[in-house]
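Q:
In this note's numbering, the protein residues as written are 182 to 443.
#1: Could you spell out the range, first to last residue, of the alpha helix (DSSP H) harbouring residue 313?
#2: Leaving out five residues before and five after residue 341 in sequence, what residues of the same chain have Cβ atoms less than 6 Å from its Cβ?
#3: If you run the structure through DSSP and keep just helix, strand and coil, what is residue 373?
#4: According to the neighbour-count rule (16 or more other Cβ atoms, all chains shown, within 10 Å of its Cβ), is residue 234 buried or exposed?
#5: With which residues is residue 378 paired in a DSSP beta bridge?
#6: Could you tell me the distance, in whole angstroms, from the CA atom of residue 325 to the CA atom of residue 316?
#7: Sort out for me which residues DSSP pairs residue 198 with in a bridge.
#8: Run through the DSSP bridge pairs and tell me what residue 244 is partnered with.
#9: Work out the CA separation of residue 313 and residue 272 for me, nearest whole Å.
#10: Considering Cα atoms alone, identify which of 248, 218, 399 and 424 is closest to residue 228.
#11: Using beta-carbon positions only, say whether residue 265 and residue 427 come within less than 7 Å of one another.
#12: With distances taken from CA atoms, which of 214, 405, 388 and 270 is nearest residue 370?
#13: Could you check where the beta strand (DSSP E) with residue 212 kicks off and where it finishes?
#14: I'd like the span of the alpha helix (DSSP H) that includes residue 396, first residue to last.
#15: Under a three-way DSSP split, which group does residue 429 fall into?
#16: Considering only the beta carbon of each residue, do residue 215 and residue 260 sit closer than 7 Å?
#17: With respect to the beta strand (DSSP E) encompassing residue 191, which residues constitute its N-terminal and C-terminal limits?
#18: Use the C-beta contact count for residue 441: other C-beta atoms within 10 angstroms, 16 or more gives buried, fewer gives exposed.
#19: May I ask which residues mark the beginning and end of the beta strand (DSSP E) holding residue 414?
#20: Helix, strand or coil for residue 275, going by three-state DSSP, please let me know.
#21: Within the same chain, show all residues whose beta-carbon is closer than 7 Å to that of residue 384, passing over the 5 residues directly before and after it, in chain order.
#22: Whose C-alpha, out of 275, 192, 212 and 183, is nearest the C-alpha of residue 225?
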């Protein structure tokens, strides 16, 4: 499978593509950001009670959370690797590699974006297509419009992503609308790299057999990306629940300066 990338100064936008060279997902990185696979020397500053972890400092104004079942001392220096990127006000997470050879905090080794994706199928690079620029812009919009006239609304909270299917000016029946929406929502979750808890509110009455169809349509799209996920099915209120592992920042979280890159 294919990938393309576009770099401007210290910023890089990477698109992973399917066999028809259509974008599956976008990743955005900067040299100055704390990215997946980066290695740092950090200084342990605080033990978190009741959980196996510590807060640590990597420079004068940036911190991360270190997962460790071993006992660490406040003030101790450790070499760590980033396992989860920052999300909203949640700091990056890391795991311990070894004791460092220096007692100065900071970046030791920058991770390789494609290697950290951990999927060897994306091996052949192709030229960046200008249509990807527009596609990235659309993927940052909270509204997605379907050809049938309906729209999908994406909203982020601190606890979860909310996705609402709105019939708006829909010209088709509710069953067809929800099926179209399920396919597009699955594509957008992957493309935008949404992770954590995701709640989807489809239109109309939702019995078990009906929701099972929508669940399969979602799964068909989510499995195109290697990120682990689980679809729990309908809640007691009829909403669909998804849990998708968080490793990289979402597209909207990483793209603070869209015009400069894409």
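Yeah, the Cβ is synthetic: ideal placement off N, Cα and C, and Gly gets one too.
A: Per the coordinate set shown:
#1: Translated into positions along the chain shown, residue 313 becomes position 132. Counting along the chain, the alpha helix (DSSP H) containing residue 313 begins and ends at 311-320.
#2: Counting from one through the chain shown, the residue named residue 341 turns up at place 160. Only 378 and 380 meet the Cβ criterion.
#3: Taking the chain shown and counting its residues from 1, one reaches residue 373 at position 192. DSSP places residue 373 in helix when its eight states are reduced to three.
#4: Taking the chain shown and counting its residues from 1, one reaches residue 234 at position 53. Under this definition residue 234 is a buried residue.
#5: The count along the chain shown starts at 1 and reaches residue 378 at position 197. Beta-bridge pairing links residue 378 to 424.
#6: Numbered from 1 along the chain shown, position 144 holds the residue referred to as residue 325. Numbered from 1 along the chain shown, position 135 holds the residue referred to as residue 316. Using only the alpha carbons, I get a separation of about 12 Å.
#7: Along the chain shown, read from residue 1 onward, the residue named residue 198 stands at position 17. Answer by DSSP bridge pairing, in chain order: 183 and 204.
#8: In the chain shown, counting from the first residue as 1, residue 244 sits at position 63. 238.
#9: One-based indexing of the chain shown puts residue 272 at position 91. One-based indexing of the chain shown puts residue 313 at position 132. Their Cα atoms are separated by approximately 30 Å.
#10: Residue mapping note: residue 228 aligns to position 47 of the chain shown, counting from 1. The shortest C-alpha separation from residue 228 is found at 248.
#11: Within the chain shown, the letter at position 84 stands for residue 265. Within the chain shown, the letter at position 246 stands for residue 427. A contact, by the Cβ cut-off of 7 Å.
#12: The sequence position of residue 370 within the chain shown is 189, counting from 1. The candidate whose alpha carbon is nearest that of residue 370 is 405.
#13: Mapped onto the chain shown, residue 212 falls at position 31. Taken as a continuous stretch (DSSP letters only), residue 212 belongs to no beta strand (DSSP E), as it is neither H nor E.
#14: Indexing the chain shown from 1 puts residue 396 at position 215. Residues 389-403.
#15: The residue labelled residue 429 in the question sits at position 248 within the chain shown. If DSSP states are grouped into helix, strand and coil, residue 429 belongs with coil.
#16: As a position in the chain shown, residue 215 is number 34, starting the count at 1. As a position in the chain shown, residue 260 is number 79, starting the count at 1. In this structure, residue 260 does not lie closer than 7 Å to residue 215 by Cβ.
#17: For this step, residue 191 is matched to residue 10 along the chain shown. Premise fails: residue 191 is in no beta strand (DSSP E) and is neither H nor E.
#18: What you label residue 441 is simply residue 260 of the chain shown in a count that begins at 1. Confidence at residue 441 is low in this model, with a pLDDT of 42, below 50, so its placement is unreliable and the value that follows should be read with caution. Per the 10 Å Cβ criterion, exposed.
#19: Counting from one through the chain shown, the residue named residue 414 turns up at place 233. Per DSSP, residue 414 belongs to the beta strand (DSSP E) from 410-415.
#20: The residue you call residue 275 lines up with position 94 of the chain shown. Reduced to three states, the DSSP call for residue 275 is strand.
#21: Within the chain shown, numbered from 1, the residue matching residue 384 stands at position 203. Hits under 7 Å: 346, 348, 355, 358 and 359.
#22: Your numbering for residue 225 matches position 44 in the chain shown. Here the closest residue by C-alpha is 275.
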